[in-house]
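Participant: Numbering (my numbering), first residue to last: 1 to 379. For every residue, glycine included, the Cβ atom is placed at its ideal position computed from N, Cα and C. Computed from a prediction, not measured in an experiment: that's the story for all the values here.
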Ligand SMILES: Cc1ncc(COP(=O)(O)O)c(C=O)c1O
């Protein structure tokens with residue numbers, strides 16, 4: 001297919017100047033009414049979406065490579081996801097899993113357990129967002145270990161609620177005037193070998209090992225008693241931090257440090273997970289088995305769902321310790337089950353070779369990998 005044919009088939013198709021009159025009016029209303037804390041870069045006012053296409057209120061069609069910040073894992077309004085949502089909505093919209101049992105909770109847990117990056121048995125907590133999955137992991141790590149401190153990484157993004165924000169180390173504006181943060185969080189360098197320590201590239205193996213070793217050889221010997229550290233939180237691929245793939249030796253070294261000191265290894269797969277790298281979870285590429293996994297975004301194709309999965313023995317808190325009114329909403333779970341069907345059939349199975357190729361290319365070059373992450377979403 002040549003360029004013109006591709007353009008004719010897939011778009012984009014613009015009807016006039018963008019933004020059009022309806023979009024302009026919508027942006028004006030938004031300016032009046034909606035929180036200015038959102039970071040809108042484009043005056044795109046979405047009305048509908050199908051697959052990779054988004055149509056705005058003036059009938060302009062765009063190709064969506066942003067995928068709702070890595071959420072539209074099956075494209076916009078995949079017919080199977082829509083059907084699953086409609087069916088569940090006609091049956092049961094809400095009953096709080098905090099108070100009552102319902103089958104979707106265990107159906108999805110069983111499915112996720114089967115593709116977990118660490119051996120079972122597992123336990124699951126359902127929330128509504130990535131930040132809630134991280135909050136859960138943070139509280140659980142403290143509860144289970146009886147320790148207060150945690151380690152996170154510079155460049156990390158874990159969410160914007162106070163606990164998750166305290167772990168976040170991405171941009172000053174995200175923290176400006178919101179302090180004090182949660183005490184007990186120490187940020188250390190993430191192995192961004194392409195940028196290195198001083199702005200230049202550094203040899204990856206040695207650099208990433210140095211980043212991990214710093215925890216044991218400096219932190220634990222100076223300011224942070226290891227027996228008081230509950231967890232290390234890490235994104236196997238930093239998203240907001242610049243789409244940086246953590247080298248395998250770094251993740252393996254974190255695992256070793258955690259094992260040695262009784263610390264939990266928490267992987268935040270909110271953005272890197274749900275099939276985005278050709279495997280269910282990005283951590284699987286390293287062979288490292290985490291203790292806790294945080295999931296959200298692409299797992300339910302756009303319905304709000306945050307999930308914290310742990311090795312079963314870790315989730316030992318008692319009734320009343322943690323809960324969520326909406327978490328594990330039956331409609332979100334129906335969307336997640338349909339999403340898993342589609343990703344398994346059309347994504348993980350068929351993209352495995354392709355995505356692994358991209359992965360290997362990234363791993364070999366360790367260049368800035370934003371293109372790869374976006375390709376994976378757009379495919
Ligand atoms: C790695 C990671 N963790 C957590 C979050 C927070 O997710 P949410 O915005 O759903 O709270 C994000 C959001 O971008 C993320 O990329």
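1) Could you name the residues of the same chain whose beta carbon sits closer than 7 Å to that of residue 157, not counting the 5 residues immediately before and after it, in chain order?
2) Going by DSSP, what residues sit across from residue 308 in a beta bridge?
3) Kindly examine ligand 1 and report whether one of its heavy atoms sits closer than 8 Å to the Cβ of residue 40.
4) Kindly examine ligand 1 and report whether one of its heavy atoms sits closer than 8 Å to the Cβ of residue 275.
5) Between residue 137 and ligand 1, is there a pair consisting of the residue's CB and a ligand heavy atom that are separated by less than 8 Å?
6) Between 275, 105, 218 and 256, which lies nearest to residue 344 when the distance is taken from Cα to Cα?
7) Compute the Euclidean distance between the alpha carbons of residue 26 and residue 19, then round it to the nearest angstrom.
8) If residue 164 sits next to residue 231, beta carbons under 8 Å apart, how far is it from one beta carbon to the other, in whole angstroms?
9) In chain order, what are the residues with a CB under 6 Å from some non-hydrogen atom of ligand 1?
10) Alpha carbon to alpha carbon, what distance is there between residue 117 and residue 223?
11) Provide the residue(s) that pair with residue 56 in DSSP beta bridges, ordered along the chain.
12) Under 8 Å by Cβ, that's how I've got residue 336 and residue 300 pegged, so tell me the actual separation to the nearest angstrom.
13) Just checking my contact of residue 307 with residue 295 at CB under 8 Å: how many whole Å lie between their CB atoms?
14) Spatial neighbours of residue 145 within its chain, please: C-beta separation below 6 Å, excluding the five flanking residues on both sides.
15) Measure the C-alpha to C-alpha separation of residue 251 and residue 175 and round it to an integer number of angstroms.
16) On the DSSP bridge list, what partners appear for residue 152?
17) Just the C-alpha distance for residue 318 and residue 143, rounded to the nearest angstrom, thanks.
18) Decide if residue 131 is buried, meaning its Cβ has at least 16 other Cβ atoms within 10 Å, or exposed.
19) Count the other C-beta atoms from every protein chain shown that fall within 10 angstroms of the C-beta of residue 74, then say buried if there are 16 or more, exposed otherwise.
20) Identify whether residue 69 lies in helix, strand or coil by the three-state DSSP scheme.
21) Residues in its own chain within less than 6 Å of residue 312 by CB, not counting five upstream and five downstream?
22) Pick from 214, 147, 6 and 284: whose alpha carbon is nearest that of residue 153?
23) Alpha carbon to alpha carbon, how far is residue 56 from residue 42?
24) Using CA coordinates, which residue listed in 277, 243, 285 and 184 is at the minimum distance from residue 249?
25) Who pairs with residue 231 in a beta bridge, going by DSSP?
26) For residue 173, report the span of its alpha helix (DSSP H) as first-last.
27) Is residue 223 helix, strand or coil by DSSP?
28) In chain order, what residues of the same chain have a beta carbon less than 7 Å from the beta carbon of residue 304, not counting five sequence neighbours either side?
29) Alpha carbon to alpha carbon, what distance is there between residue 46 and residue 17?
30) Output the distance between the C-alpha atoms of residue 194 and residue 202, rounded to the nearest integer angstrom.
31) Just how far apart, CA to CA, sit residue 237 and residue 32?
32) Straight-line CA distance for residue 354 to residue 346?
33) From the DSSP output, read off the bridge partner residues of residue 134.
Facilitator: Taking the geometry as given:
1) 168, 170, 239, 240 and 241
2) 125 and 294
3) no
4) no
5) no
6) 275
7) 10 Å
8) Not confirmed; about 13 Å, so no contact.
9) 69, 129, 130, 131, 134, 157, 158, 159, 235, 239, 240, 268, 270, 271 and 296
10) 32 Å
11) 46
12) 4 Å
13) 4 Å
14) 230
15) 27 Å
16) 187
17) 10 Å
18) buried
19) buried
20) helix
21) 121, 122 and 123
22) 214
23) 12 Å
24) 285
25) 150 and 264
26) 172–175
27) coil
28) 128, 129 and 332
29) 16 Å
30) 6 Å
31) 37 Å
32) For residue 354, the predicted model reports a pLDDT of 48, less than 50, meaning its position is unreliable and no value from the coordinates is stated.
33) For residue 134, which the question treats as bridged, DSSP gives no partner whatsoever.
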